[in-house]
Structures are given as structure tokens and as C-alpha cells.
Amino acid sequence: MGVASFFEFITTLFSWIIYDGIWSVLVDTGIVFLPFIAMIITNALSSHRAGDDEGNAGLQSLKKVEADFYVMIAVIVFAGIPALSVELGEMEYVRPALTCGDTVETIPGTDTGTTYDRTLAELGDQQGGIPIWWAAIHVLSKSITAAAVASIPCSNDLASVEYRLANDGIDDPGLRKEIQEFTNDCYRRSKSRLLREDTSGLTLEQLDDTNWLGSQFFLTEPGYYNYYYSQDPRADFPFDATRDAGFESSAGVGGHPRCNEWWLDGTDGIRAQVLASIDPDMLDDMVYDTNNLIDAATDQTLSQAEREDVFLRKYLAINRVREAVSVDLPMSTGYRNMGSSQPPVNSDGSVWSSLGSMFDTTVDFVVDTIETGIAAAGGIIKAPSGIGEGVMIRQGISMFQSLALMVFVIILPFLMVFSQYKLSTLMTLTIIFFGMHFMTFLWAVAFWMENNLMNLLTQSEGLGAFAPMTNPVQSGIILWMERFMYIIFPMLYLASLGWVGISAGTFATQMQNYGNSAAAPGAAGGNLVTTAATKGKA
């Protein structure tokens, strides 16, 4: 017996154990026979209400009871009585290769290699019972679903990138503060200078590169990161008399590194610190492994340094939004009293230079205020995804399916008894049972579509899911599309399935009624013969 997830090992075995137990209770108490009594009484009353005008009421009642009895016996034998055993040793999970690079793997229920093994060991010595009909439908459903899932093209798990990065934020407050200071002292000033200059000679790729802290353009072009420097002394960078001229008073505290050194230093640089703070397993998966996600997403073969930059750009962009909705807003750490600072090395100490410094500070304040508001607004839209809502939907949705199937199986004996073993009810329940299994295919389609949404909605050529940062509108679209694909679409599917089940049940009822009325012509003919014979004697 196949299952569609690790969790379904437990729910499937447990549900059929309970089914077997409930059916035994219904048999011991005689409840399973009550529908037969109700059927006989119902048919007798129906024939009695029809009157003698309908022919021989007793014969009609007997024919109806006979037809209904055969149907009920067939339903209870094939779809009610647990005739086959359900054992953990006979169960297996064939994990599909939805993610490129994976292979189809068959996992036995006795050794899943997960935390479920402890619970499965407790259930391993027990066995449930399943009727022949439901065993056949289970096998048929799993086979069709597995074949349908196998037809879906593989896709790298790019949708989880943003969730994983958002959940692995920068926890060190000192590093967060240093990043903010680098933004103020280096990036913002370099960006402002670039915007004041003629950028018509720059390519779109160069302009796009200037949208993040580790811009290669700012690092390599003169007048940007080699010109600006840390306003505050940094203990990790020793004082350099030549470089730090004008800041002699802070010689005992630390130096004022240029922005390119501050970013690129192999030990104390911000780039190295951020990489060191990230979960190594995630870095291996996305950057360092041979089959890393960045090469898969960009469809390129990048160097390790290039992959690190692509990763850092995405990581810092997501954490920027993450910080925007927390108490650590950029405004709270981005400003200091410039009047008490030593004059910068590039200042001549004149009034015009001081006014220029004040103007730059004012512009920084206004820009940062606007930026904070925009980031906060975007963060509000982005926050649900940032805290892992998408992960919870994706990981929990298969558990919902398993639990729904478990509940269906547990209440199945009562549904069969209360419906009086009607063929129409059996057809409706069968379609619902098959449809609930087939939802695995719907979520596999949702998985593929979600992994390709980033490529569809972003314009960053070649970066795919590692595009620097989607705007708030794109983030909102992706979030709501996830909700539709994983939740709303299956609900519409189940609603349609219910309609099909009702239609099938109605058709089965009509067929059963046709069988019940098949004896009517014979009864009518018998009445005519009897009447003619009586008149002849008269």
C-alpha cells in the first residue's frame, strides 16, 4: 500500500486500525444490520401507500426488498467488511523527483529515517483492516496520482530561497549596526554622487549593480568607495597616520578605513562578517556545493566570489526589509552629531565646506526618512512571507491531506451504515476518496509554478529567484498566488469534485430504481392474466 508522504504512514495505518475496530463494534452491537430492517420497513410502507391500484402490493414490496437486499449485500461485502490487512511492513512511500538533481526513492514504512519512526515503531506490531473496494480504490488513486506527478517537469526549489534567507536574519546587533553605518557613510554617499553625475555612459547592468552595498562599480571606480570612509573609528582596523590624517584624536580607538577596505577585508570586512554569520548548510546548498541553487537559478557557471555576491545581494535585500518592520529602524542608528566630529580629511575647514556638510546631512536625513517609510510599507506587504508563511503552507498542506483522509476513513463505517449501504452513497464517497488522494498532484503543480513565479515576475536577467529584490507589488503577487495555488485552488477542486460525486450518486440511484421497477411489467402482465381468467369463469 502506497502513501504520499512520511506523515501518511501514520495516518493511513492508524485510520484503518480504527476502522477495523469501529466495524467490529458495529457488528457486535448489531448496528450493521439495522439498515436491512429499515429497508424492509420502508419498502413495505411504500407499497402499502401505493394501494391496490398499483397491482399486487405484496409482490411489488417483495421485489423491491429483493433488489435492495442484493445491492446492500454487495456494498457491505465489498465496501464494508474489512477483508484485507493493512500492515506497516507492506507500506511504502515513493518520493517523486520534483526537484532537479533528485532521484525517485522508495522508502519503506519500517525505516523512514525520520522522527516518525518512533511513533511508527509503536504501531508497527498492529494491523488494520480494509475492505476490498477501498483497497482497490486506494491503489488505483495512488497509481494515477504518481503517474501524473511524474509527468511534471523537475524544478529547483527556488521558492524556498526567500523564506530561508528571511528566517536566517542577522542576529548580531553589532553587525547590523555596522552595516547600517556602512550604508550611511559609504553607500548612500556614493549613490548620491553617482546621481549628481552624468550616467548616460553606464550600461543597464552597471546601473543595476549600483543598487546594493557591495556594488562592483563603487568598489572599482575611483571617486566612490576608495574616496569615502568610515566616519567613526573602527577598532578592527588599526590607525593609519597617512590614511587617517585629521583623525589623530581617535588613534587609540581605531582607524577610519576606506569603504572598499571596510567591505572587502578578508577578516574584519563587512562582506566576510556577513558570510560568517550565515548558516553554513544554507551557504553550501546555495553557493558552495557543485549543484548549488545559484548556478541552477541563473543558468550560468559563476565563480565562487560571484556566487557569494549574488547571494549577499539577495540576503541583504531581504534583511533590509525584515529590519524595516522591526524596532531597529535605520533612523535610530543612522545619524550622529557631525558638529562634534573631527573634520574629514577632504574638508578644508571653510564655511562653505561646513555648509556643504550640513546640507549633505540634511539631505541624508530626508532621504533616509522617505526610505524608511517606503521600506516599512513594503515590509508590511512582505512580512507575512518573510516570517515563513509560505513555508508553513507548503510543509503543512500535505499533513492536512493526510489528516483529512484519516478522518474520512475513521467515519466511513458510520457513513455506510447511516446511508443504508446505498450504491449512490458509495459512488459519491468513492469519488471523494479518489479526489482527496489526487490533491497530491495539484500541490505538485503548485510547487512547480511557485518555483517559476520569480522568473516570470522579475526582470533581472539571468538571476531568477536570486533577483536582488522584488518590489512590494511583485512580493504581494507572489504571496497571494501561493495562497491561491495551495489553498483556494484545491478548495475549488473539492467543490467541483463534490458536484461530480453527487451527480454520480444520482445516476447510481436511478440505476437502482430501474432495477426495483424492472418487475413492474411482469406484475402488470400477471394482473391482466388473473383478471381475464376471472372474467372468463364469470
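Just so we're aligned: the sequence shown equals residues 490 to 1027 in the numbering used here. Ideal placement from N, C-alpha and C gives every residue a C-beta, glycine not left out. For clarity, every value in this text was computed on a predicted model and none was experimentally measured.
Straight-line gap, residue i to residue j (C-alpha atoms, nearest Å)
| i | j | result |
| --- | --- | --- |
| P819 | T779 | Because the pLDDT at P819 is just 34, under 50, the model does not fix this residue reliably, and the point stays unresolved. |
| I633 | S891 | 18 Å |
| K553 | F525 | 12 Å |
| W512 | I921 | 21 Å |
| R584 | I596 | 7 Å |
| R653 | K911 | 51 Å |
| V566 | I507 | 19 Å |
| A734 | Q793 | 36 Å |
| C589 | G758 | 35 Å |
| M925 | I641 | 19 Å |
| R682 | T688 | 11 Å |
| M771 | R677 | 30 Å |
| L629 | F978 | 23 Å |
| H627 | L647 | 32 Å |
| A610 | T599 | 8 Å |
| G510 | T919 | 21 Å |
| M490 | M580 | 5 Å |
| F927 | K631 | 8 Å |
| F706 | D698 | 7 Å |
| E971 | D768 | 26 Å |
| F889 | F930 | 14 Å |
| L915 | F522 | 17 Å |
Buried/exposed call for residue i, threshold 16 Cβ in 10 Å
| i | result |
| --- | --- |
| G712 | exposed |
| F907 | exposed |
| V896 | exposed |
| N700 | exposed |
| T692 | exposed |
| F503 | buried |
| G578 | exposed |
| L684 | exposed |
| G663 | exposed |
| S649 | buried |
| D557 | buried |
| L981 | exposed |
| V514 | exposed |
| T501 | buried |
| I619 | buried |
| W988 | exposed |
| A806 | buried |
| A636 | exposed |
In DSSP terms, what residue i is bridged to
| i | result |
| --- | --- |
| V492 | Y582 |
| V575 | G617 |
| Y508 | Note: Y508 sits in no beta bridge, so no partner. |
Which of helix, strand or coil DSSP assigns to residue i
| i | result |
| --- | --- |
| S513 | helix |
| R723 | strand |
| P597 | strand |
| L612 | helix |
| I619 | strand |
| Y718 | strand |
| G744 | strand |
| F907 | helix |
| R802 | helix |
| P642 | coil |
| W969 | helix |
| R795 | The question names Arg, but residue 795 in the sequence shown is Glu. Three-state result, E795: helix. |
| A624 | helix |
| A734 | coil |
| T531 | helix |
| P662 | helix |
| D697 | helix |
Whole-number beta carbon distance between residue j and residue i, since they are thought to touch under 8 Å
| i | j | result |
| --- | --- | --- |
| V638 | A984 | With 8 Å as the limit, V638 and A984 do not qualify as a contact, their Cβ atoms being about 23 Å apart. |
| S644 | W937 | 5 Å |
| L708 | Y716 | The pair is not a contact, with the Cβ atoms about 12 Å apart (cut-off 8 Å). |
| K802 | I783 | A quick correction: the sequence has Arg, not Lys, at residue 802. With a Cβ gap of about 11 Å, R802 and I783 do not count as contacting. |
| W623 | A568 | 6 Å |
| F726 | Y605 | In fact, because the Cβ distance is near 52 Å, the residues do not count as touching under 8 Å. |
| A724 | G743 | 4 Å |
| D721 | E670 | 7 Å |
| A625 | Q909 | 23 Å between Cβ atoms; not a contact. |
| D661 | S766 | 6 Å |
Distance cut-off 7 Å: residue i Cβ against heavy atoms of the ligand FAD
| i | result |
| --- | --- |
| A586 | Looking at this structure, you won't find the ligand FAD or any other ligand, since it has none at all. |
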